[in-house]
Amino acid sequence: MTSTQVHIDTVARAEASPDQPQPYRELGLKDDEYQKIREILGRRPTEAELAMYSVMWSEHCSYKSSKVHFRHFKENTTEEMRSKMLAGIGENAGVVDIGDGWAVTFKVESHNHPSYVEPYQGAATGVGGIVRDIMAMGARPLAVLDPLRFGPADAPDTRRVLPGIVAGVGGYGNCLGLPNIGGEVVFDESYAGNPLVNAACVGAMRVEDLHLAHASGTGNKVILFGARTGLDGIGGVSVLASETFSGEEGGTGRKKLPAVQVGDPFTEKVLIECCLELFGERIVVGIQDLGGAGLSCATSELASAGDGGMRVWLERVPLRAEGMTPAEVLSSESQERMCAVVRPEDVPAFMRVCQKWDVIATEIGEVTDGDHLVITWHDEVVVDVPPRTVAHEGPEYHRPIARPADQDALQADVPDSLPRPSTPDELRETILRMIASPNLASRKWVTDQYDRYVRGGTVLAQPSDSGMIRIDEETGRGVALATDCNGRFCKLDPYTGAQLALAEAYRNVAVSGATPLAVSDCLNFGSPEDPAVMWQFEQAIRGIAEGCRELGIPVTGGNVSFYNQTGTTAILPTPVIAVLGVIDDVRRRIPTGIGAEAGETLLLLGETRDEFGGSEWANVVHGHLGGLPPKVDLAREKLLADVLLAGSRDGMVSAAHDLSDGGLAQALVEACLLGETGARVFVDGDPFVQLFSESAGRVLVAVPRTEELRFTDMCTARGLPWSKVGVVDPESESLEIQDVATIGLAELRTAWEGTLPALFD
Amino acid sequence: MARVVVDVMPKPEILDPQGQAVANALPRLGFEGITSVRQGKHFELEVADDVDDATLAKIAETFLANPVIEDWVVRRVDA
Amino acid sequence: MARVVVDVMPKPEILDPQGQAVANALPRLGFEGITSVRQGKHFELEVADDVDDATLAKIAETFLANPVIEDWVVRRVDA
Amino acid sequence: MKIGVITFPGTLDDTDAQRAARYVDAEAVALWHADADLHGVDAVIVPGGFSYGDYLRAGAIARFAPVMRSVVEAAGKGMPVLGICNGFQILCEAGLLPGAMLRNAGLHFVCRDQWLRVENNTTAWSSRYEQGAEIIVPVKNMDGRYTASQATLDELEGEGRVVFRYVGVNPNGSCNDIAGITSANGRIVGLMPHPEHAIDALTGPSDDGLGMFYSALDAVVTA
Ligand SMILES: Nc1ncnc2c1ncn2[C@@H]1O[C@H](COP(=O)(O)OP(=O)(O)O)[C@@H](O)[C@H]1O
Ligand SMILES: [Mg+2]
Chain A
1 MTSTQVHIDT VARAEASPDQ PQPYRELGLK DDEYQKIREI LGRRPTEAEL AMYSVMWSEH
61 CSYKSSKVHF RHFKENTTEE MRSKMLAGIG ENAGVVDIGD GWAVTFKVES HNHPSYVEPY
121 QGAATGVGGI VRDIMAMGAR PLAVLDPLRF GPADAPDTRR VLPGIVAGVG GYGNCLGLPN
181 IGGEVVFDES YAGNPLVNAA CVGAMRVEDL HLAHASGTGN KVILFGARTG LDGIGGVSVL
241 ASETFSGEEG GTGRKKLPAV QVGDPFTEKV LIECCLELFG ERIVVGIQDL GGAGLSCATS
301 ELASAGDGGM RVWLERVPLR AEGMTPAEVL SSESQERMCA VVRPEDVPAF MRVCQKWDVI
361 ATEIGEVTDG DHLVITWHDE VVVDVPPRTV AHEGPEYHRP IARPADQDAL QADVPDSLPR
421 PSTPDELRET ILRMIASPNL ASRKWVTDQY DRYVRGGTVL AQPSDSGMIR IDEETGRGVA
481 LATDCNGRFC KLDPYTGAQL ALAEAYRNVA VSGATPLAVS DCLNFGSPED PAVMWQFEQA
541 IRGIAEGCRE LGIPVTGGNV SFYNQTGTTA ILPTPVIAVL GVIDDVRRRI PTGIGAEAGE
601 TLLLLGETRD EFGGSEWANV VHGHLGGLPP KVDLAREKLL ADVLLAGSRD GMVSAAHDLS
661 DGGLAQALVE ACLLGETGAR VFVDGDPFVQ LFSESAGRVL VAVPRTEELR FTDMCTARGL
721 PWSKVGVVDP ESESLEIQDV ATIGLAELRT AWEGTLPALF D
Chain B
1 MARVVVDVMP KPEILDPQGQ AVANALPRLG FEGITSVRQG KHFELEVADD VDDATLAKIA
61 ETFLANPVIE DWVVRRVDA
Chain C
1 MARVVVDVMP KPEILDPQGQ AVANALPRLG FEGITSVRQG KHFELEVADD VDDATLAKIA
61 ETFLANPVIE DWVVRRVDA
Chain D
1 MKIGVITFPG TLDDTDAQRA ARYVDAEAVA LWHADADLHG VDAVIVPGGF SYGDYLRAGA
61 IARFAPVMRS VVEAAGKGMP VLGICNGFQI LCEAGLLPGA MLRNAGLHFV CRDQWLRVEN
121 NTTAWSSRYE QGAEIIVPVK NMDGRYTASQ ATLDELEGEG RVVFRYVGVN PNGSCNDIAG
181 ITSANGRIVG LMPHPEHAID ALTGPSDDGL GMFYSALDAV VTA
C-alpha cells in the first residue's frame with residue numbers, strides 16, 4: 001500500500017468508524033438527506049459515496065423540488081401524443097419519429113450560473129454539454145440554438161457578460177461544426193446578476209439506431225472515452241444549483257473555487273466523429289454522456305437504468321492531475337467524456353475506432369449480475385451502493401406554494417392609462433424608437449458570430465422565425481425548431497405566459513411551413529424555497545402541459561434551473577419553450593422576408609385586440625409592467641398552423657412572419673428589411689393599437705397576387721379571420737403606412753441594426 | 001514611460017487545450033523531449049510613470065485575467 | 001528537466017487589434033496612463049535536459065511562431 | 001474526374017466540399033490526414049474548419065500531416081489545389097501560398113453573405129467566371145485577415161495573383177481587400193470565403209460558388 005492510499009476512506013473503514021463526522025452540509029446535503037443515505041446504506045457513507053450522493057441529490061441532478069410537478073406532463077399526454085415519441089421524459093433527450101425512417105432528438109439545457117462567473121467558458125461548456133446529450137441518444141448532432149437573457153443592455157456588467165457569452169457559444173459551436181440556427185436575446189433588469197444561458201441541440205438518426213443509456217448484459221464492459229479526468233468542476237453541480245449561489249462567499253455548500261470548466265471543442269468534435277463511427281459499427285450496447293456530476297452520474301445512471309449491477313475499477317480512469325482522491329475522480333466534471341457499454345467481444349473493435357480518432361478509451365468496469373454498484377480503488381471498495389438510490393430515487397420535496405401577495409396588485413396595474421402616441425409624428429417616432437430598443441433591435445451583432453452554414457443543410461436560420469435544417473438529402477425531409485419565452489407575460493400570469501411561449505414557438509415553426517410535432521423546455525426560475533416562485537413554477541408547468549395537450553404535441557423532455565436570482569429577487573419566470581416541427585420537403589419552406597415575387601399582397605391573419613399588458617411598448621416607453629398578458633387561444637394557433645401548411649403545400653404563400661414582441665409595426669419593418677423591399681400598408685381603426693398591440697395568434701403573410709383569392713377563400717372557409725393590410729412595392733424604398741408615416745428603408749435599417757453594435761462593439 | 005509585462009496562464013488544475021494541442025503535435029513533428037506545454041497570454045504595456053504597482057495588479061486581476069481559471073504575473077521590465 | 005518560456009508577439013508593423021481593444025477598454029474601466037498594449041502568446045515548456053538551444057530555437061521558429069507575422073523570444077528559466 | 005477532399009481532425013466543411021464536387025458531377029474522394037496516399041485524385045480541396053482546434057494558430061499543426069507532404073509534391077507537378085478558409089490558412093502555413101492570416105480586425109468570428117469580385121479568371125479554380133464578375137458567397141471565420149509583407153503584396157498585385165477581392169464590406173480587415181490569391185502558375189488557389197456553401201440557393205445565398213468547382217473540371221481536362 002502506498003502512502004497516498006492510507007487516507008482513502010473505504011467501506012470497511014466507514015463500517016469501523018460510524019461516528020466520524022462528515023462534511024455533508026458543505027456538500028449541500030440537508031440533515032435529513034444525510035440521514036436517509038445512512039439508512040439506505042446501513043452505515044455512514046464513504047467519502048466517495050458522500051460525494052456521489054451529494055451531487056446526484058442536488059437540485060440540478062435530482063429535480064427534487066420539481067419532480068412532483070412533472071405529473072402534469074404525464075397526465076396531459078394522451079396515447080396519441082405518446083405514439084409519436086420514441087423516447088420521452090427520463091431519457092437523455094426526447095426522440096420523435098419524423099417519418100421516412102428518421103428519428104430526431106432535441107433538448108434544451110441551462111448553463112446559467114457558470115456563465116456569470118466565466119462568461120466565455122460557461123457558455124462554451126453549456127453548448128458542449130447539450131451536444132453530448134444528443135450524442136448519447138445515438139444521433140448525429142445537427143444544429144444548435146441559444147436562448148439567452150441578460151441584464152439591461154446598457155448596464156456595465158452586461159458589457160462584460162454578453163460579449164463573453166456570445167463568443168463562448170460561437171467559439172464552441174463554430175469549432176464543433178454545428179450550425180447555429182436560432183435562439184433569443186432578451187434584456188431585463190431581473191437577469192442582471194443572473195444571466196440565462198440556455199442551449200439547445202437537435203440531432204438525427206435512423207430509427208433503428210436509437211441508443212438508450214442502459215447498462216445491461218452481465219459481463220459487458222464499461223468503457224470511458226474522451227478527455228482525461230482532471231480537478232475541474234469538482235462539486236460543481238451542487239454548487240451551481242445550490243441555494244447559496246448569489247455571489248457572496250461563505251454560505252454553506254459553496255466551495256472556495258467556483259466550479260468552472262474549460263471546454264475543448266476540438267476534442268468534442270473528434271469525439272462526435274468517433275461516436276458516430278462506433279454507432280455505425282453497431283458495437284455500442286448503451287451510452288451515456290458525462291455532464292454534471294461526471295462519473296458519479298454516468299455510472300449510477302447506466303447501472304440504474306440497466307440491470308442494476310456494475311463493477312468499476314476507478315484507478316483505471318486516465319487522469320490529468322496528480323493525487324486525485326476517488327471522491328474527486330467520481331465528481332470531476334471534466335468535459336468531453338462519454339461512457340459506453342460494450343460486449344466483451346466488441347471491445348477490440350471499439351478500441352480500434354478510438355485509436356483511429358486519437359481518442360483515449362479505457363475499460364473501467366463491467367456489468368455484473370448483482371444489484372449494487374461497486375467501485376474499487378486499488379482493490380479497496382470505496383463505493384457499494386444500490387444505484388437506483390443514487391440516480392433515480394433521490395429525495396422528493398413538496399415545496400410550499402403560495403400565490404405572491406402582490407400578484408393581484410400587479411395584475412390590477414393595467415397599462416390602459418399610459419399616454420399613447422396618436423399624431424402621425426408621434427407614431428413615426430414610436431416606430432423608430434421601438435425598433436431600435438434593445439429587445440427589438442436586430443440580433444445581427446450576435447448571430448453574425450455564429451456559423452449558420454456548416455454541414456450544408458441549413459435552410460432557414462436567424463433572422464427567420466424558426467431555424468430549419470434538411471435531414472434527408474434525397475427526399476428533402478427536414479425539421480424546424482424555434483425557442484421562445486416572454487418572461488414579462490409569465491410574470492403577469494405564469495400559466496398564460498407559459499402557454500403564450502408555447503404558442504409563439506409553435507407559431508414560429510408553423511410560419512416556416514413545418515408541422516409542429518414535439519416540445520422540449522428549459523424552466524428557469526428563482527428559488528424553489530420561495531413559495532411565490534414555486535407558485536409561478538407550478539402554474540407554468542401546468543400551462544405548458546395543458547397547452548401541449550390542446551395542441552396535441554407531447555413534451556419530450558426538458559430541464560429545470562432553479563435559484564436564478566440576485567439576492568432574494570428572482571428572475572422573471574422564464575420557461576423557455578422549444579418546439580420542433582417536421583417538413584416533408586424543405587424546398588417548400590416559407591421565408592420571412594417579403595418581395596420574393598412581384599406584386600405580393602400583405603395579409604394579416606388573426607385578430608388584433610387592445611392588449612398592452614407586458615408589452616414591449618409599455619416596457620420601452622413607460623418602463624411599465626402590469627396588467628394581464630394577451631389572451632391565448634390555442635385552437636386558433638392550431639388553425640393558423642393548418643392554414644399556413646396548406647398555403648405552403650399549394651404554393652399560396654410566398655413569405656410569412658409571426659407577430660410577437662412589438663406587434664405589427666415590428667413585423668412589417670422586419671419583413672421589409674429582410675426582403676429588401678418597400679411596402680404600402682393601411683391600418684383600419686386605432687393605428688396605435690393596430691401597430692403595437694401584442695395580441696397572440698397573428699401572422700403577417702405575403703401571397704402572390706394570383707393566389708390571393710384562393711388563399712383568402714380558404715381562410716374564410718376555415719373560420720380564420722384575415723384582413724388585407726397592404727401590398728409589397730418593390731419600386732419603393734420605404735415602408736409607407738397610410739395616414740401614419742412613410743419611413744425610408746435606410747432609416748429603418750440604421751435604427752434597427754445600429755443598437756447592438758453601438759452597445760457592444 | 002515604463003514597460004510592463006503581464007503573463008496570464010491557465011491555472012494548473014484547469015484544462016489547457018491549447019497547450020495540449022502543441023504538446024501532442026511536437027513528437028509528430030520530430031521534436032522529442034518536451035514533456036509538457038502550457039499556453040497562455042503575454043501582454044506588453046507601455047505605462048505612464050505615475051501608474052503604481054497596485055494599479056497594475058488591479059488591471060491584471062480584474063481585466064487581463066479571470067482569477068477563476070487563470071493565474072498571472074506582472075513584471076516591470078527595462079525599456 | 002528544464003523550464004523554457006517562449007513569448008510570441010505580433011511584429012511591430014502588424015496591426016494588433018487584440019492589444020488595441022485592451023488599450024481602449026482600460027480608460028473605460030477607470031484605468032488611466034496605459035499608452036499602449038500589445039498582446040501575444042506565452043508558452044511554458046518542460047523540457048528534457050538533452051534538448052539543446054538549437055532545437056528550442058527551431059521549435060519556436062518553425063512551429064510556435066509564424067515568422068511572417070510574429071517575433072519570438074526563447075528563454076530558459078530556473079525551475 | 002476525381003476531386004479529393006482532405007479531412008484533418010477538426011475539419012468541418014469536408015462533407016460540404018464533397019457535396020460541391022458531386023454537384024459538378026465529379027467523384028468526391030475522402031482523403032485522410034494520416035494517409036499520404038492521394039488515391040489517384042485529379043485535384044485536391046483542403047476544406048474549412050478548425051483543424052486541431054486552431055489552438056496554436058490556424059493551420060499551423062495541420063500542415064505537418066502526412067497527406068500534406070503528398071499535396072505539396074502533387075502541387076509541384078501542377079495538380080489543382082483549392083484551400084478554403086482553414087484550408088487557405090494551411091496552404092499559407094505550408095508555404096504553398098505566400099502570406100498569413102491574422103485574427104479578424106473586429107476580433108469576432110464573422111459569418112455573413114459576402115460579395116466578391118473575380119479579379120483573375122485564368123486560374124484552375126476561376127476560369128468559369130467572367131473577369132470582374134461579382135458573386136455572393138458566405139464568409140465565416142475568426143482568423144481571416146490576410147496579411148503579407150509589402151513586397152509580397154506588390155508582387156501579388158503586380159502579377160495579377162489576387163483572384164477574389166471583397167466588395168463593399170471588408171469583413172476582416174484583410175490587406176488590399178484580398179479574399180483569395182493564387183500561386184504563380186495559377187494552379188493553387190486559396191480563399192477565405194466558402195464556395196461550397198454557395199452551390200444551391202436553398203442552403204446558401206446563391207449558387208455562385210459552383211463556378212470554382214466547374215473550373216477545376218476544365219483545368220483537369222485541358223491539362
Ligand atoms: N442568441 C441567438 N442565437 C441565434 N439566433 C438568435 C439569437 N437571438 C435571436 N436569434 C434569432 O434572431 C431572430 C429574431 O429573434 P426574435 O426577435 O427573438 O424572434 P421571434 O420574435 O420570432 O421569436 C430569430 O431568427 C432568432 O432565432
Ligand atoms: Mg419567436
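Those sequence lines, one after another, are chains A, B, C and D. Residues 1 to 761, numbered by the UniProt record's numbering, are exactly what the first sequence covers, in order. Residues 1 to 79, numbered by the UniProt record's numbering, are exactly what the second sequence covers, in order. Residues 1 to 79, numbered by the UniProt record's numbering, are exactly what the third sequence covers, in order. Residues 1 to 223, numbered by the UniProt record's numbering, are exactly what the fourth sequence covers, in order. Built from N, CA and C at the ideal position, the CB exists for glycine as well.
The straight-line gap separating the alpha-carbon atoms of alanine 305 of chain A and glycine 28 of chain A is approximately 25 Å. Chain D has no Cβ within less than 8 Å of the Cβ of leucine 15 of chain B. Between methionine 56 of chain A and glutamate 301 of chain A, the alpha-carbon positions lie close to 10 Å from each other. Beta-bridge partners assigned by DSSP to leucine 735 of chain A: A:Ala679, A:Ile743. Distance from arginine 428 of chain A to valine 186 of chain A at the Cβ level is roughly 26 Å; contact not present, criterion being Cβ atoms closer than 8 Å. Between the region 423-441 of chain A and the region 76-89 of chain D, the count of C-beta pairs closer than 8 Å stays below three; the two stretches do not touch. If only uninterrupted alpha helix (DSSP H) runs of at least 4 residues are considered, those enclosed by the region 520-571 of chain A are 531-551. By the CB criterion at 8 Å, glycine 33 of chain B and alanine 48 of chain C fall inside the cutoff.
Comparing alpha-carbon positions, the option among A:Thr218, A:Glu333, A:Arg206 lying closest to arginine 282 of chain A turns out to be A:Arg206. Within 8 Å of the CB of alanine 65 of chain C, no CB atom of chain B is found; the nearest one sits about 12 Å away. The alpha-carbon separation between threonine 10 of chain A and glutamate 49 of chain A amounts to approximately 10 Å. DSSP places isoleucine 199 of chain D outside any beta strand (DSSP E), giving it a letter other than H or E.
In terms of Cβ geometry, threonine 299 of chain A and valine 312 of chain A form a close pair [threshold 8 Å]. Leucine 148 of chain A and valine 81 of chain D have their C-alpha atoms spaced approximately 42 Å apart. Within the same chain, Cβ atoms closer than 7 Å to the Cβ of valine 24 of chain D are found at Leu210, Phe213, Tyr214, Leu217, the five residues on either side in sequence being excluded. Judged by DSSP in its simplified three-state form, aspartate 7 of chain B adopts strand. Only exposed fits glycine 719 of chain A, as fewer than 16 other CB atoms lie within 10 angstroms of its CB. Proline 575 of chain A carries a strand assignment under DSSP once its states are collapsed to helix, strand and coil. Taking C-beta separations shorter than 7 Å and ignoring five residues to either side along the sequence, the partners of lysine 67 of chain A in its chain run Glu396, following chain order.
Under the 8 Å Cβ criterion, the region 188-203 of chain A counts as touching the region 122-139 of chain A, having at least three qualifying pairs. Look at asparagine 194 of chain A here: in three-state DSSP terms it is coil, with no helix or strand label.
In the structure shown, alanine 409 of chain A adopts helical secondary structure according to DSSP, grouped into three states.
For glycine 129 of chain A, the closest alpha carbon among the candidates A:Arg337, A:Val509, A:Asp416, A:Pro630 is that of A:Arg337. In chain order, Pro730 place their CB closer than 7 Å to the CB of alanine 598 of chain A, counting only its own chain and leaving out the 5 sequence neighbours on each side. Only buried fits alanine 153 of chain A, as 16 or more other CB atoms lie within 10 angstroms of its CB.
Contact annotation for arginine 28 of chain B against chain D: Ile61, Phe64, Ala65 [CB-CB distance below 9 Å, chain order]. Contact check for tyrosine 450 of chain A against asparagine 174 of chain A passes: the beta carbons are separated by less than 8 Å. Under the three-state reduction of DSSP, proline 757 of chain A is assigned to helix. Each of B:Val8, B:Asn24, B:Pro67, B:Ile59 was checked against the Cα of proline 27 of chain C, and the nearest Cα belongs to B:Ile59.
For glutamine 690 of chain A, the three-state secondary structure derived from DSSP is helix.
If you look at methionine 101 of chain D, you'll find it in the beta strand (DSSP E) that goes 100-102. The beta carbons of glycine 487 of chain A and threonine 574 of chain A sit closer together than 8 Å. Under the 8 Å criterion on CB atoms, isoleucine 59 of chain C is classed as interfacial with respect to chain B. Taking 9 Å as the Cβ-Cβ cut-off, the region 87-102 of chain D approaches chain C at Cys92, Glu93, Pro98, Gly99, Ala100, Met101, Leu102, given in chain order.
Its chain contains Leu41, Glu49, His372, Leu373 as the residues whose beta carbon lies nearer than 7 Å to that of valine 385 of chain A, once the 5 sequence neighbours on both sides are disregarded; these appear in chain order. Sequence-distant Cβ neighbours of glycine 370 of chain A in its own chain, meaning closer than 8 Å and more than five residues away, are Gly308, Gly309.
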